[in-house]
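Q:
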Amino acid sequence: MAEVQSLTYQNEKLRAELHGHRKARFGSKSESLDQLAFDLAEDAEIEVAAESQKNEAAKADSKPSKRQHSRKPLPDHLERQDEVLSAGEECGDCGGSLRQIGEDITEELEYIPGRFVVRRIIRPRMACTCCEAFSQAPLPSRPIERGRPGPGLLAHVLVGKYCDHLPLDRQSKIFAREKVDLHRSTLTDWVGRSTALLEPLADHIGKLVRAGPALFADDTPVKLQSKLKQKKTQTARLWSYVCDERPWGGDGPACAWYQFSTDRKGEHPVNHLSGYTGTVHADGFAGFNGLFGEHKADEQACMVHVRRKFVDEFERTGAGIAKHTITQIAELYAVEKDARGKTPQERVALRQEKAKPIFDELEAWLQAQLPKISGKTKLAAAIRYALNRMPKTRAYLSDGRLELDNNICERSIRPIALGRKNYLFMGSIGGGKAAAIAYTLIETAKMNNVDPEAWLTWVLERLPDHKITRIGELMPWVFAISRNIQEA
């Protein structure tokens with residue numbers, strides 16, 4: 022009899038493992054060596070460019086060193102758009118009239134949705150007819166000092182890589198079809214410098230996320246391989262922290278903040294959320310435990326993770342206990358559908374009336390079922406997990422600002438999963454940090470129903486001359502308001 026039970030247990034264990042393997046196998050597992058080489062080169066060059074941008078910004082008060090360029094002329098077939106910057110009509114020294122003695126033309130490659138154009142910045146050189154003093158309008162500040170790309174083109178490349186999941190080598194080939202020669206190394210330089218310039222915006226979004234009464238936390242793996250000849254990849258992490266008060270009508274803006282780390286140690290979320298004392302929705306990962314405790318954050322568990330274990334068990338065995346649990350959890354979500362958009366007070370009243378009885382009954386029922394089944398089964402493990410997490414989920418019944426799950430944050434890491442299918446690896450630590458900045462900006466824009474490319478174009482036009490103390494004026498919701506005013 023004991024042998025039969027042992028074999029039954031082993032059989033169930035093997036069936037569970039087989040089921041898990043089958044479920045995990047989706048998408049292409051093949052990895053192209055050529056694509057790997059591009060991924061490593063891209064991120065390594067992005068890291069170098071980001072450091073160069075920061076170093077140049079730190080030396081802004083001194084005489085800038087000239088960047089060496091060997092540039093081809095911009096293609097003749099592209100439309101030219103002239104912008105004349107006048108120095109005025111009167112001499113600043115004596116008040117005499119000015120006469121033109123020549124002009125300087127700076128060409129900038131710009132991207133307007135759907136096509137490339139060349140923006141020609143024309144600055145007439147003027148001389149006073151009385152005192153011969155020289156006068157000329159200054160060249161406007163640009164996102165990349167002495168660089169050729171316009172803000173629209175930089176935004177287009179960033180969104181292409183981090184939103185549309187197009188590696189830079191692929192973008193280079195797309196541009197070549199339009200007879201615009203932009204080598205991958207040029208694009209990596211632009212991405213590195215752009216993300217370094219945009220980093221203060223990502224930092225500001227991080228502060229907004231940590232200012233809310235509740236946030237959502239999750240992480241996702243990304244492969245890190247900084248050397249082409251390195252045989253093993255390192256599993257790095259992108260951490261996502263989201264604040265979204267829309268379900269209960271809060272005043273705070275919806276924001277997603279990403280951070281990169283080379284491993285999954287718990288010290289990273291502790292450092293990211295240092296000093297935070299609100300509520301953190303999380304999935305039970307032990308690395309988040311350092312966030313919780315006296316004078317720290319409160320934990321709000323995720324019912325979706327509880328449900329997922331019972332769904333797996335029902336799909337595998339058809340167990341009645343699993344089916345009943347899934348049905349009861351569905352009843353809890355039916356209440357949440359009605360609660361969405363109501364005030365915190367209304368949400369609490371609704372949950373206390375309709376959700377609490379279901380929650381209490383389910384918890385008690387699971388406690389009663391556990392002794393009736395073998396403790397070694399996957400079903401027993403699912404019940405134990407539920408009974409461990411449900412006390413940490415209960416707080417949502419008495420606080421209308423909390424959610425029943427962590428789905429808001431899980432949605433924020435889906436774009437990264439899509440990106441993994443295209444870029445395969447992070448090629449450097451700097452490349453991972455640049456990705457975190459870009460994802461922060463792009464996903465926050467999307468959460469606020471703002472076109473990330475249009476917003477980043479607007480930001481990059483203004484950022485070089487914008488005061489760091491007023492960075493909040495460049496957020497996507499400010500852009501949306503300004504656009505609405507212009508269109509009114």
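With the first letter of the sequence shown counted as 1, position 121 gets the number 142 in the working numbering; the numbers rise by one all the way through.
Glycine is no exception: its CB is placed at the ideal position from the N, C-alpha and C atoms.
This structure is a prediction, so every number in the text was calculated from the model and none was measured.
#1: Is Ala232 buried or exposed, if buried means 16 or more other CB atoms sit within 10 Å of its CB?
#2: Using beta-carbon positions only, say whether Leu423 and Phe380 come within less than 8 Å of one another.
#3: Can you give the beta carbon distance from Ile143 to Arg214, rounded, assuming they're within the 8 Å contact cut?
#4: Only counting the same chain, and skipping five residues up and downstream in sequence, which positions put a Cβ closer than 8 Å to that of Gly123?
#5: Decide if the stretch 278-286 is in contact with the stretch 451-465; the criterion is three or more beta carbon pairs, one per stretch, under 8 Å apart.
#6: In whole angstroms, what is the alpha-carbon distance linking Thr414 and Ser282?
#7: May I ask which residues mark the beginning and end of the alpha helix (DSSP H) holding Ala238?
#8: List the endpoints of the continuous beta strand (DSSP E) containing Asp319.
#9: Does the beta-carbon distance from Ala236 to Gly273 come in below 8 Å?
#10: Out of Glu128, Gly270, Phe309, point me to the one whose CA is closest to Glu288's CA.
#11: Please return the same chain residues whose Cβ sits closer than 6 Å to the Cβ of Gln89, not counting the five positions on each side in sequence.
#12: Is it right to say Lys330 is buried, meaning 16 or more other beta carbons lie within 10 angstroms of its own, or is it exposed?
#13: Residues bridged to Ile142 by DSSP?
#14: Compare the C-alpha of Val105 against each of Glu128, Arg198, Lys344 and name the closest.
#15: Give the list of continuous alpha helix (DSSP H) stretches no shorter than 4 residues that lie fully inside the stretch 269-301.
#16: Let's see if you can read the secondary structure: which residues bound the alpha helix (DSSP H) around Gln349?
#17: Bridge partners of Glu111, per DSSP?
#18: For Gly396, count neighbouring C-beta atoms within 10 Å of its own C-beta (all shown protein chains included) and say buried if the count is 16 or more, exposed if not.
#19: For Asp472 and Ala148, I'd like the C-alpha separation in whole angstroms.
#20: Less than 8 Å between the CB atoms is what I'm expecting for Pro170 and Leu130, so what's the real figure, rounded?
#21: Does the beta-carbon of Asn427 have 16 or more other beta-carbons within 10 angstroms, so that it is buried, or is it exposed?
#22: Report the rounded CA-to-CA distance for Val212 versus Phe306, giving the unit in angstroms.
#23: In the structure shown, what three-state DSSP assignment does Ala466 receive?
#24: Between Lys393 and Glu334, is the Cβ-Cβ spacing less than 8 Å?
#25: Determine contact between the stretch 181-195 and the stretch 149-162, defined as no fewer than three beta-carbon pairs at a distance below 8 Å.
#26: Taking the alpha-carbon of Gln264 as reference, which of Arg491, Tyr297, Gly448 has the nearest alpha-carbon?
#27: Less than 7 Å between C-beta atoms, sequence neighbours within five positions excluded: which residues of the same chain meet that for Thr478?
#28: Going along the chain, which residues of its own chain have a beta-carbon closer than 6 Å to the beta-carbon of Glu68, five neighbours each way excluded?
#29: Comparing alpha-carbon positions, which option in Pro485, Ala501, His487, Ile489 lies nearest Met468?
#30: Reducing DSSP to helix, strand and coil, say where Val471 ends up.
#31: Taking 7 Å as the cut-off, is the C-beta of Pro96 nearer than that to any heavy atom in the ligand SAH?
#32: Give the secondary structure of Ser261 by DSSP, where H, G and I count as helix, E and B as strand, and everything else as coil.
#33: For Gly339 and Trp498, what's the separation of their Cα atoms in angstroms?
#34: Could you tell me the alpha carbon to alpha carbon distance between Gly227 and Gln321, rounded to whole angstroms?
#35: Excluding the five sequence neighbours on either side, which residues of its own chain have a C-beta within less than 7 Å of the C-beta of His293, listed in chain order?
#36: Does the Cβ-Cβ distance between His326 and Ala238 come in under 8 Å?
A: In terms of the structure at hand:
#1: The count along the sequence shown starts at 1 and reaches residue 232 at position 211. Its Cβ having fewer than 16 others within 10 Å, Ala232 is exposed.
#2: To locate residue 423, count along the sequence shown from 1; it is residue 402. To locate residue 380, count along the sequence shown from 1; it is residue 359. Going by C-beta atoms, Leu423 is not nearer than 8 Å to Phe380.
#3: Locating residue 143 in the sequence shown gives position 122, where the first residue counts as 1. Locating residue 214 in the sequence shown gives position 193, where the first residue counts as 1. Not a contact, Cβ separation roughly 26 Å.
#4: Numbered from 1 along the sequence shown, position 102 holds the residue referred to as residue 123. Once the five neighbours on either side are set aside, the close Cβ partners of Gly123 are Pro145, Arg146.
#5: yes
#6: Here residue 414 is taken as the residue at index 393 of the sequence shown, counted from 1. Here residue 282 is taken as the residue at index 261 of the sequence shown, counted from 1. Between Thr414 and Ser282, the C-alpha separation is close to 28 Å.
#7: Translated into positions along the sequence shown, residue 238 becomes position 217. From DSSP, Ala238 is part of no alpha helix (DSSP H) but of the beta strand (DSSP E) over 235-245.
#8: Your numbering for residue 319 matches position 298 in the sequence shown. Element bounds for Asp319: 319-321.
#9: Residue numbering aside, residue 236 sits at position 215 when the sequence shown is read from its first letter. Residue numbering aside, residue 273 sits at position 252 when the sequence shown is read from its first letter. Before going further, note that residue 236 is Leu rather than Ala in the sequence given. Contact flag unset, no.
#10: For the purposes of this step, residue 288 is taken as residue 267 along the sequence shown, with counting starting at 1. The option with the nearest alpha carbon to Glu288 is Phe309.
#11: To locate residue 89, count along the sequence shown from 1; it is residue 68. Model confidence at Gln89 stands at a pLDDT of 49, short of 50, so the residue's coordinates are unreliable; what they give is reported in the following sentence. Taken in chain order, the list of residues that qualify is empty.
#12: Here the question's residue 330 lines up with position 309 in the sequence shown. That one is buried.
#13: Mapped onto the sequence shown, residue 142 falls at position 121. BP columns for Ile142 point to Glu104, Thr127.
#14: Within the sequence shown, residue 105 is the residue found at index 84, counting from 1. If we check each option's Cα against that of Val105, Glu128 comes out closest.
#15: 288-293
#16: In the sequence shown, residue 349 corresponds to position 328, counting from 1. Counting along the chain, the alpha helix (DSSP H) containing Gln349 begins and ends at 341-360.
#17: Working through the sequence shown from its first residue, we reach residue 111 at position 90. Note: Glu111 sits in a beta bridge opposite Ser118.
#18: Reading the sequence shown from its first residue, position 375 is the one you call residue 396. Result: exposed.
#19: To locate residue 472, count along the sequence shown from 1; it is residue 451. To locate residue 148, count along the sequence shown from 1; it is residue 127. Computed Cα separation, rounded: 45 Å.
#20: Residue 170 sits at position 149 when you count from the first residue of the sequence shown. Residue 130 sits at position 109 when you count from the first residue of the sequence shown. Right, the Cβ-Cβ distance comes to about 6 Å (below 8 Å), so this counts as a contact.
#21: Sequence index remark: in the sequence shown, residue 427 carries index 406 (1-based). Classification for Asn427: buried.
#22: Position 191 of the sequence shown holds residue 212. Position 285 of the sequence shown holds residue 306. Distance between the alpha carbons of Val212 and Phe306: 33 Å.
#23: For the purposes of this step, residue 466 is identified with residue 445 of the sequence shown, where counting begins at 1. Helix at Ala466.
#24: Residue numbering aside, residue 393 sits at position 372 when the sequence shown is read from its first letter. Residue numbering aside, residue 334 sits at position 313 when the sequence shown is read from its first letter. Contact flag unset, no.
#25: no
#26: Residue mapping note: residue 264 aligns to position 243 of the sequence shown, counting from 1. It should be noted that the sequence gives Cys, not Gln, for residue 264. The shortest C-alpha separation from Cys264 is found at Tyr297.
#27: Mapped onto the sequence shown, residue 478 falls at position 457. Answer for Thr478: Pro172, Gly173, Ala176, listed in chain order.
#28: By 1-based counting over the sequence shown, the position of residue 68 is 47. Counting only Cβ-Cβ distances below 6 Å, and skipping sequence neighbours, we find Ser449, Gly451, Gly452.
#29: Sequence index remark: in the sequence shown, residue 468 carries index 447 (1-based). It is Ala501 whose Cα lies nearest to the Cα of Met468.
#30: Residue 471 sits at position 450 when you count from the first residue of the sequence shown. Here Val471 sits in coil by DSSP.
#31: Summarising the ligand content, the structure contains no ligands, and the ligand SAH is consequently not present.
#32: For the purposes of this step, residue 261 is identified with residue 240 of the sequence shown, where counting begins at 1. It is a strand residue.
#33: Position 318 of the sequence shown holds residue 339. Position 477 of the sequence shown holds residue 498. One C-alpha to the other measures close to 48 Å.
#34: Residue numbering aside, residue 227 sits at position 206 when the sequence shown is read from its first letter. Residue numbering aside, residue 321 sits at position 300 when the sequence shown is read from its first letter. So the two alpha carbons sit approximately 20 Å from each other.
#35: On the sequence shown, residue 293 is found 272 positions in, with the first residue counted as 1. Around His293: Trp260, Tyr262, Gln280.
#36: As a working note, residue 326 is residue 305 in the sequence shown. As a working note, residue 238 is residue 217 in the sequence shown. No, Cβ-Cβ distance for His326 and Ala238 is not below 8 Å.
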